[in-house]
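Comments concern the structure below.
Numbering (the numbering used here), first residue to last: 16 to 654.
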């Protein structure tokens with residue numbers, strides 16, 4: 016190709032991107048400088064990214080001068096480079112940011128595998144494998160990225176995909192030479208303007224990609240154990256140049272358990288004790304008890320309905336101090352489940368309610384154990400949390416328990432595959448609950464009474480080392496019956512709260528708990544009160560859905576479409592839109608595939624409904640950090 020041909024090509028193919036910043040002559044000079052060393056390498060890699068041959072006329076080499084305001088690497092065919100047709104690099108960065116949020120919330124490799132298996136996230140697996148592959152080198156550190164400012168191209172030109180941007184950075188690093196760092200920084204500064212566009216979370220994701228440290232629990236072992244499809248292997252081999260994937264034989268199943276955790280048997284206990292030590296490490300699942308006789312779930316004549324429904328105990332978030340510092344407090348593990356009030360007549364009947372007084376459908380096994388727990392003919396009110404307990408890690412799954420309750424409401428006979436347990440944290444008489452106050456018993460005395468009727472030693476609920484940050488496996492739950500647990504408590508003086516609760520919060524996070532609950536050791540008082548405070552890793556709040564962000568033509572990556580997904584482009588809900596004060600927030604994680612398809616096709620199915628959103632904290636501008644859908648309600652919250 017002659018120099019005049021090159022000049023014509025540069026001026027006609029990409030005039031909008033280049034003319035405002037640099038003259039054609041300068042581009043041609045740059046091509047002449049680097050063609051002998053870099054054109055073959057870059058042409059090969061970009062051709063692989065396009066999955067088709069590409070001529071050198073479509074390539075603009077990097078400018079040799081470090082004073083370039085924008086990078087001169089570009090590609091004519093954007094469509095061929097993009098891994099997500101119809102999306103820009105900015106769109107991909109939004110979705111990658113949502114992916115990193117979801118992965119940061121997942122507590123185990125199996126949970127992270129579930130997140131990555133969602134179709135709209137799985138399409139980025141080959142890109143992340145490219146980033147984490149040992150052969151990939153970007154040659155730039157977080158320190159070098161920290162102070163870079165974006166440079167906005169006057170024409171609005173940008174990169175067609177995140178993959179294209181990363182491969183260009185890799186190519187500059189491979190070519191090397193004098194001025195390569197300046198060229199690389201120019202590329203990154205332009206991507207900061209067009210791909211990141213002022214989004215601080217997206218900038219952090221970009222830095223983690225270039226630093227090859229994702230910081231979401233997905234290291235080389237995670238990708239090594241991934242079950243790659245043939246289409247994904249082809250993409251890794253041809254688009255990203257990872258040829259060893261093209262010849263790999265067989266695939267490994269995805270990880271299903273936290274390989275970093277070790278199996279550890281709990282200390283043996285007498286069969287009569289049935290004590291369960293809840294550990295942060297994996298423990299053997301307890302043998303399933305014999306199936307209980309079915310209990311009628313319809314109301315009986317033995318218990319009068321609690322109407323009007325008394326106020327249940329509610330608390331406030333911990334703000335750094337307690338209202339009654341001279342009192343004694345009891346600290347326990349916070350559970351992630353469905354609040355349940357059980358009205359029990361020993362040996363005869365049980366009625367279960369949500370925290371707002373609505374009838375709650377629960378498994379017959381739980382109902383049977385409740386009636387057996389309370390003495391014959393005695394009426395008691397138990398306050399607790401209905402949880403789906405993982406038989407291996409003993410962590411809770413909110414999605415699983417709310418799904419189990421709803422399946423029972425629809426008429427299901429049982430909650431197959433879900434280990435539903437009722438975890439008790441208070442017991443009252445019927446009169447006390449109706450009156451909203453206790454006539455004289457402290458919280459400690461009520462725990463003594465609970466353990467006494469269960470035939471347990473009253474010292475068992477005292478677990479002082481529950482607040483010990485160095486103890487990874489305290490006994491946070493004690494089993495009272497096959498499907499009933501009680502929360503253990505750690506006594507704490509109010510004066511010690513600042514130090515003790517800081518340690519409790521650290522210990523809770525280390526153990527993977529939802530948080531800790533702090534209750535004043537005093538008489539029962541219904542309603543919201545400073546006698547109860549909670550320390551949570553994640554906050555949650557109810558919102559009305561204001562709208563739905565819909566991708567009208569979503570197409571999953573080849574080979575990743577789940578069973579049941581219609582062929583071809585489909586309408587797909589990317590995020591639910593809520594209003595937090597004056598700020599609109601997009602909630603893009605936590606939805607199932609069925610929800611995304613249904614709401615993408617007909618947003619009116621969810622718009623206007625009440626949802627629970629889980630988030631880490633509010634930002635200074637009033638937005639929510641890491642928002643995720645936790646639950647959807649047909650009307651007001653009913654659980």
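Positions of the beta carbon are idealized from the N, C-alpha and C atoms, including for glycine. Predicted, not measured: the structure shown is a model, and the values here were computed from it.
So, residue 490 versus residue 478, is the Cβ gap smaller than 8 Å?
yes
message: Taking its Cβ as the centre, do 16 or more other Cβ atoms sit within 10 Å of residue 380, making it buried, or is it exposed?
response: buried
Less than 8 Å between the C-beta atoms of residue 346 and residue 531, yes or no? Residue 346 places its beta carbon less than 8 Å from that of residue 531.
Requested in this report: List the whole-angstrom C-beta distance separating residue 588 from residue 417, where the pair is believed to meet the contact cut-off of C-beta under 8 Å.
Outcome: That pair is no contact at about 19 Å.
| field | Length of the line joining the Cα atoms of residue 522 and residue 482 | value | 7 Å
Notebook entry, point to check: What are the boundary residues of the alpha helix (DSSP H) that includes residue 188?
Noted result: 177-190
(request) Could you tell me the distance, in whole angstroms, from the CA atom of residue 560 to the CA atom of residue 627? (result) 10 Å
ask   = Which one of 340, 469, 392 and 404 has the shortest CA to CA distance from residue 359?
value = 392
Let me know if residue 503 comes out buried or exposed under the rule of 16 or more other beta-carbons within 10 Å of its beta-carbon. buried
Subject >> Rounded Cβ spacing between residue 165 and residue 208 (contact assumed at less than 8 Å) >> reply: 4 Å
| Between residue 463 and the rest of its own chain, which residues show a CB-CB distance below 6 Å, the 5 nearest in sequence each way excluded? | 473
Report task. For residue 217, collect the residues of the same chain with a Cβ closer than 6 Å to its Cβ; drop the 5 residues on either side in sequence, then sort them by chain order. Result -> Within the same chain, 108, 112 and 211 come within 6 Å of residue 217 by CB-CB distance, once the 5 residues on both sides are set aside.
**Q.** residue 352 classed as buried or exposed, judged by whether at least 16 other C-beta atoms fall within 10 angstroms
**A.** buried
Worksheet entry | Cβ-Cβ distance between residue 377 and residue 423 below 8 Å | yes
Q.
Rounded to whole angstroms, what is the Cα-Cα separation between residue 260 and residue 242?
A. 12 Å
**Asked** Using CA coordinates, which residue listed in 220, 430 and 324 is at the minimum distance from residue 450?
**Response** 324
By the 10 Å Cβ neighbour count, where 16 or more other Cβ atoms means buried, how is residue 611 classified, buried or exposed?
buried
- Hey, how far is the Cα of residue 372 from the Cα of residue 401? 15 Å
Nearest to residue 615 (by Cα), restricted to the options 394, 563, 201 and 231 = 563
Roughly how many angstroms separate the alpha carbons of residue 433 and residue 403, rounded to a whole number?
In this structure, the alpha-carbon of residue 433 lies about 6 Å from that of residue 403.
How big is the Cα-Cα spacing for residue 252 and residue 142? If you draw a straight line from the Cα of residue 252 to the Cα of residue 142, it comes to about 12 Å.
- Task: Within the same chain, show all residues whose beta-carbon is closer than 8 Å to that of residue 341, passing over the 5 residues directly before and after it, in chain order.
- Result: 509 and 510
Q. For residue 634, which residues from the same chain have a beta carbon less than 8 Å from its beta carbon, with the 5 sequence-adjacent residues on both sides left out?
A. 640
Residue of 541, 130, 621 and 145 minimising C-alpha distance to residue 258 = 145
Exercise for review: Quick one: give me the first and last residue of the beta strand (DSSP E) that residue 560 is part of.
Suggested key: Counting along the chain, residue 560 sits inside no beta strand (DSSP E), nor does DSSP assign it H or E at all.
Determine the burial state of residue 533: buried for a count of at least 16 other Cβ atoms within 10 Å of its Cβ, exposed for fewer.
-> buried
message = Could you give the first and the last residue of the continuous beta strand (DSSP E) run that contains residue 404?
response = Counting along the chain, residue 404 sits inside no beta strand (DSSP E), nor does DSSP assign it H or E at all.
Worksheet item: With a CB to CB cut of under 7 Å and the five nearest residues on each side skipped, what residues in its chain are close to residue 430?
Response: 378, 419, 422 and 423
CB contact flag (residue 629, residue 555, <8 Å): yes
- From the DSSP output, read off the bridge partner residues of residue 542. 328
Taking only three categories from DSSP, how would you classify residue 140? helix
Query raised in the report: Can you list, in chain order, the residues of its chain whose CB lies under 6 Å from that of residue 255, leaving out five sequence neighbours each side?
Result: 145
Using 10 angstroms around the beta-carbon of residue 329, count the other beta-carbons present and answer buried if the total reaches 16, otherwise exposed. exposed
- prompt: Hey, how far is the Cα of residue 331 from the Cα of residue 515?
  reply: 18 Å
- Beta-carbon proximity of residue 184 to residue 225, cut-off 8 Å: yes
**Prompt:** Does any residue of chain C bring its CB to less than 8 Å from the CB of residue 436?
**Reply:** Annotation note: the requested chain C is absent from the structure, which comprises a single protein chain.
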